[in-house]
Amino acid sequence: MKADIGLIGLAVMGQNLVLNMIDHGYTVAVYNRTVSKVDAFVEEANRNDALIGCHSIEELVEALQKPRKIILMVKAGSPVDDFINQLVPLLEKGDIIIDGGNSHYLDTIRRTKFLEEQGILFVGTGISGGEEGARHGPAIMPGGSKDAWPLIKPIFQDIAAKVDGVPCCEWMGPDGAGHYVKMVHNGIEYADMQLISEAYHLLRYYMKLDVDQISDIFAEWNQGKLKSYLIEITSDILKVKDEDGLPLIDKVLDAAGQKGTGKWTAISSLELGVPTTLITTAVYQRFLSALKDTRVEAASKIKDVDHEEITESSKIDEDFINHLQEALYASKIVAYSQGFQLLSQASKEYNWDLNLGTIALIWRGGCIIRSAFLNKIKEVHDQNPHFEHLILETFFLKKVEMALPSLRKVVMKALSTGIPVPAFAAALTWLDSFRSKYLPANLIQAQRDYFGAHGFERIDYPRGTSFHVNWQEKLKTMKK
Ligand code: 6PG
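Here you go:
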């Protein structure tokens, strides 16, 4: 019997996807560059005829039903191109290669074009949810050669997470659309994580609460409007103790890693001119955290207000905790609003025709940023599919209006006590800028015109008319 689908790359994500597909009744052929891993996996999985181990790419291609469908679960970058190059001579027109890694969307655009020119269909798909998600239901964001979608849809939607019976997997759009959407998902994930960490920091160092108390607060927040996977795991993490009975979190080095998707989101937002300040701030803050040694040195040299001495936990200030919850909610709205703005701009730039409602729909389950909140975005999109900015839609507008004073209180408190809250502050300053009728950009325009004759528009003339003034001359004439 021939397999329904093939998979190359048996690291944990790959293995779990295979087991997930088998659980849903599919027969899967597998191959891995280190061939011994194939035999070990087949033996351990013990799935009889549903799992076919292959010792070469040729064998894998031979084991598949036509049109062949092959998922690559290999490291993003050149390994993807290597496998594509090995597969192409063995495949026939109409066969499908699927890249399930976190590839850069520009690579996916290039690969789609290259493979379609040879009659091979290519799908670049985001898969979110980590190892657990891959095993029991991830969110899947496929894009690329549209003709591939009807052929892979049943498998993909079967293995995806479901929310209210709706699969967290839909077609995103042409070429790089799927990988772009996954990239922005990760960018938002960075912002969410940074905000949660800042809330934790304030609870720990401003409120002086102990780790168990903070865990309880996150557990409580997880019952309300902040209900989400990331809040839930934060509460779990804070409960875990090391061998000596002390919180394990205190043993974890405070230097964040990153694989690049957040940085790519920030770069894309700069290229497209979309101010996604929370994502960008979160990326910078990971870099800053990684400068651990320098920070330790700076801590001993730049003296000011000092919050780092943890003292006995004081009594819980419910008021501040409520403000913090509101601040987190307001900032989350800003982060998502910015992220969706970026998606909307990229959709125009690359002609992807992204459906923002569908994206919110499939992010409700399976993925790392899954939350109750995404239901709201979907509802808002249903009411007005052409919204210009999420934050200007009635539901979110009201929420932000209510939460803004709390965000301001929290940021002011943090600034005065020296606790760094770059993401909260970015949310607040973005909001204050966004709702400003006047910004000092007039002065920037005047400076540009002064030193570079770049021209400026005047408020008393129609937009688009450019003026230039010789500012020095004008000054001289005025002095006469
Ligand atoms: C997901 C995650 C996943 C992974 C990232 C983390 O959606 O399942 O986002 O893609 O955890 O690689 O990226 P960083 O290492 O950059 O934090």
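If you count by my numbering, then the sequence shown holds residues 0 to 479, one letter each, in order.
Glycine included, each C-beta is placed from N, C-alpha and C at the ideal position.
Does the Cβ of residue i have 16 or more other Cβ atoms within 10 Å, making it buried, or fewer, making it exposed?
| i | result |
| --- | --- |
| GLU91 | exposed |
| GLY5 | buried |
| HIS304 | Correcting the residue type first, residue 304 is Val in the shown sequence and not His. It counts as exposed. |
| GLY244 | exposed |
| ILE458 | exposed |
| ALA133 | buried |
| HIS103 | buried |
| THR393 | exposed |
| GLN337 | buried |
| MET0 | exposed |
| LYS331 | buried |
| ALA345 | buried |
| THR464 | exposed |
| ALA480 | No information on residue 480 is available, as it lies outside the stretch 0 to 479 that the chain covers here. |
| GLU387 | exposed |
| ILE368 | buried |
| ARG434 | exposed |
Compute the minimum distance between the beta carbon of residue i and the heavy atoms of the ligand 6PG, and state whether it is under 7 Å.
| i | result |
| --- | --- |
| ASN101 | yes |
| SER267 | no |
| CYS366 | yes |
| HIS135 | no |
| LYS258 | yes |
| ASN47 | no |
| SER127 | yes |
| GLY261 | yes |
| GLU131 | no |
| ASN185 | yes |
| GLU188 | yes |
Please state the DSSP three-state secondary structure of residue i.
| i | result |
| --- | --- |
| ALA402 | helix |
| PHE450 | helix |
| GLY172 | strand |
| PHE155 | helix |
| ILE443 | helix |
| VAL165 | strand |
| ASP209 | coil |
| LYS347 | helix |
| PRO461 | coil |
| MET12 | helix |
| SER144 | coil |
| LYS291 | helix |
| THR26 | coil |
| LYS65 | coil |
| SER227 | strand |
| VAL251 | coil |
| VAL17 | helix |
| ALA426 | helix |
| LEU547 | Only positions 0 to 479 of the chain appear in this structure, which leaves residue 547 out of reach. |
| SER481 | Since the first residue shown for the chain is 0 and the last is 479, residue 481 is missing from the structure and cannot be characterised. |
| GLY338 | helix |
| PHE82 | helix |
| SER214 | helix |
| VAL468 | coil |
| LEU90 | coil |
| ILE236 | helix |
| SER102 | coil |
| SER127 | strand |
| GLY5 | strand |
| VAL60 | helix |
| SER370 | strand |
| LYS475 | helix |
| ILE95 | strand |
| ILE301 | coil |
What distance in whole Å lies between the Cβ atoms of residue j and residue i, which are believed to be in contact at a cut-off of 8 Å?
| i | j | result |
| --- | --- | --- |
| VAL73 | GLY8 | 4 Å |
| VAL11 | VAL27 | The pair is not a contact, with the Cβ atoms about 16 Å apart (cut-off 8 Å). |
| VAL282 | GLY256 | So it is not a contact: roughly 12 Å between Cβ atoms. |
| ILE390 | VAL399 | 6 Å |
| THR280 | GLN382 | About 30 Å separates the two Cβ atoms, so there is no contact after all. |
| ILE278 | TYR189 | 6 Å |
| TRP429 | ASP448 | Not a contact, Cβ separation roughly 27 Å. |
| ALA49 | TYR205 | Contact doesn't hold; Cβ gap of about 55 Å is too wide. |
| PHE423 | GLU197 | 6 Å |
| GLY356 | LYS377 | 6 Å |
| GLY100 | ALA138 | The Cβ separation is near 15 Å, so there is no contact. |
| LEU150 | LYS68 | 7 Å |
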